[in-house]
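Please read the structure below before turning to the comments.
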Amino acid sequence: MSGKGQSLLARLASSRSQARLVVALAYLVTVLLLMASCWLFVSNFEQLRPKGQLYITKDMETWRADEGRVREFAGGFWHDPAFWRSVNLTVVTATLTTLVAALVGIPASYALSRHKIPGRAVIDVLFSSVIVLPSASIGLCLLIVFQYGPIFELEKSLGVYVPYTLPAIVVVQLVLSLAMGLSVWRAAFAGVNPRFEHVARSLGSSRWRAFRTVTLPSAKTGLIAGLILAWTRAAAEFGGVLMFCGTFAEKPLETFSPLARGLQLHKADPLAVNMWVQIEYGNVEYGFAIGFVLVTVSALSVYAIHKLGGKGYVW
11 MSGKGQSLLA RLASSRSQAR LVVALAYLVT VLLLMASCWL FVSNFEQLRP
61 KGQLYITKDM ETWRADEGRV REFAGGFWHD PAFWRSVNLT VVTATLTTLV
111 AALVGIPASY ALSRHKIPGR AVIDVLFSSV IVLPSASIGL CLLIVFQYGP
161 IFELEKSLGV YVPYTLPAIV VVQLVLSLAM GLSVWRAAFA GVNPRFEHVA
211 RSLGSSRWRA FRTVTLPSAK TGLIAGLILA WTRAAAEFGG VLMFCGTFAE
261 KPLETFSPLA RGLQLHKADP LAVNMWVQIE YGNVEYGFAI GFVLVTVSAL
311 SVYAIHKLGG KGYVW
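For the numbering used here, add 10 to where a residue sits in the sequence shown, where the first one is 1.
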């Protein structure tokens with residue numbers, strides 16, 4: 011065999027070895043994550059079933075004792091009303107954030123993928139930076155913007171104050187979710203050949219009808235994947251929310267509006283912040299339980315994107 015052929019075989023063998031190494035590392039990380047997630051339950055088995063005692067028993071007093079152990083499992087988070095208010099707050103804010111991000115981001119993504127907009131490179135750099143920057147720095151930037159300068163003067167004139175309020179959660183989530191959604195939605199529209207739209211318009215369709223009947227169905231999978239990613243990014247946000255909003259669990263009830271109390275959004279933090287708060291207060295198992303919930307939600311989101319066939323525009 012010639013020297014060139016041997017060199018090619020050597021490169022192929024090297025690439026295969028590198029691929030095996032990457033796959034092995036991926037499996038190792040997966041196993042470690044699964045072990046960390048299962049530790050929550052393994053560490054609480056003694057609470058649920060002490061030695062020499064069955065969980066189900068005919069003795070009512072023992073049954074009540076066992077029921078108490080179940081309620082203490084993982085810090086008792088499952089029976090804590092504050093946990094469910096935290097879940098409710100996370101779902102409501104993440105859903106509202108995703109709706110706003112979709113209303114703004116999908117048309118903007120289409121425009122960026124189809125037209126040469128002045129300053130498009132600046133927009134790309136800006137939103138790409140938002141994705142890679144620590145979220146706490148985004149929260150700090152928002153805090154400076156809303157506490158100084160023209161926006162602060164506008165707040166004073168309107169008699170409102172955004173930082174450290176419940177609406178502030180949506181503001182910081184929106185910045186991060188919009189950046190994530192834009193990257194996916196723009197790639198989805200870029201994957202649709204513009205010629206299809208031109209053909210539809212040449213056959214008499216208006217611009218809106220061509221967009222609605224040709225472009226949207228073709229980009230539907232990518233748009234849905236972007237919605238899933240935007241919602242998950244908002245629901246899992248921690249650093250930016252903590253910096254820009256603080257915590258709400260210890261605030262007096264009267265500081266919350268009747269609407270917030272009616273929707274059960276009062277005296278609660280988003281799940282990611284609540285996890286940190288519980289660990290800081292020494293409720294480690296409670297915090298681990300919330301972390302397990304967040305890991306599960308994230309894993310389900312990634313699984314849904316894989317089922318949609320979204321590898322090309324997500325990674």
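Glycine is no exception: its CB is placed at the ideal position from the N, C-alpha and C atoms.
Note that the structure is a prediction, hence the values are computed from the model and not measured.
8 Å Cβ cutoff met for residue i and residue j
i       : j       : result
Thr-100 : Pro-280 : yes
Gly-149 : Gly-250 : yes
Val-110 : Leu-152 : no
Glu-247 : Ala-282 : yes
Leu-192 : Ser-145 : no
Tyr-171 : Glu-165 : yes
Phe-199 : Thr-223 : no
Val-102 : Leu-239 : no
Ala-104 : Ala-245 : yes
Gly-301 : Met-285 : yes
Tyr-92  : Ala-259 : Correcting the residue type first, residue 92 is Ala in the shown sequence and not Tyr. Result yes, Cβ atoms of Ala-92 and Ala-259 sit closer than 8 Å.
Arg-124 : Pro-204 : yes
Ile-133 : Leu-122 : yes
Status (buried if at least 16 other CB within 10 Å, exposed otherwise) for residue i
i       : result
Lys-277 : buried
Gln-63  : With a pLDDT of 45 at Gln-63, under the threshold of 50, the predicted position of this residue should be treated as unreliable, and no value is reported.
Gln-288 : buried
Pro-60  : Note that Pro-60 scores 44 on pLDDT, short of 50, meaning its location in the model is unreliable and no value can be drawn from it.
Ile-141 : exposed
Trp-241 : buried
Thr-108 : buried
Glu-264 : exposed
Arg-243 : buried
Leu-58  : Reliability fails at Leu-58, whose pLDDT of 44 lies under 50, so the model's placement of it is uncertain and no value is given.
Ile-315 : buried
Trp-195 : buried
Tyr-296 : buried
Leu-176 : buried
Asp-76  : Because Asp-76 sits at a pLDDT of 48, beneath the cut-off of 50, its placement in the model cannot be relied upon, and the following sentence gives the value as read from the coordinates. Buried: at least 16 other Cβ atoms inside 10 Å.
Leu-184 : buried
Val-180 : buried
Candidates the options: closest to residue i by CA position
i       : options                               : result
Ser-96  : Val-303, Ala-309 and Leu-310          : Val-303
Thr-231 : Arg-271, Ala-197, Val-182 and Asn-284 : Ala-197
Lys-317 : Asn-293, Ile-234, Met-285 and Leu-106 : Ile-234
Leu-106 : Ser-267, Arg-271, Ala-178 and Met-45  : Ala-178
Val-202 : Arg-217, Tyr-158 and Phe-221          : Phe-221
Met-253 : Pro-160, Arg-30, Ile-154 and Val-194  : Ile-154
Gln-157 : Cys-255, Trp-88 and Tyr-291           : Cys-255
Glu-290 : Phe-266, Ser-267, Thr-257 and Val-305 : Thr-257
Residue i: first and last residue of the uninterrupted alpha helix (DSSP H) it sits in
i       : result
Asp-134 : 130-142
Ile-242 : Note that residue 242 is Thr in the sequence shown, not Ile. First-last of the alpha helix (DSSP H) with Thr-242: 226-245.
Asn-98  : 91-124
Gly-292 : Element bounds for Gly-292: n/a, residue is neither H nor E.
Pro-195 : In the sequence under discussion, the amino acid at residue 195 is Trp, which differs from the Pro named in the question. Start and end: 176-200.
Arg-205 : 204-212
Phe-254 : 249-255
Ser-146 : Sequence check: residue 146 is Ala here, not Ser. Per DSSP, Ala-146 belongs to the alpha helix (DSSP H) from 145-157.
Thr-271 : Correcting the residue identity first, residue 271 is Arg in this sequence and not Thr. Element bounds for Arg-271: 268-272.
Ser-217 : According to the sequence shown, residue 217 is Arg rather than Ser. Where Arg-217 is concerned, the enclosing alpha helix (DSSP H) stretches over 217-220.
Pairing CB atoms from the region 202-217 with CB atoms from the region 304-318, are three or more of them under 8 Å?
-> Because the criterion of three Cβ pairs below 8 Å is not met, the region 202-217 and the region 304-318 do not touch.
Is there contact between the region 113-121 and the region 184-196, where contact requires at least three CB pairs shorter than 8 Å?
-> Verdict: yes, contact present.
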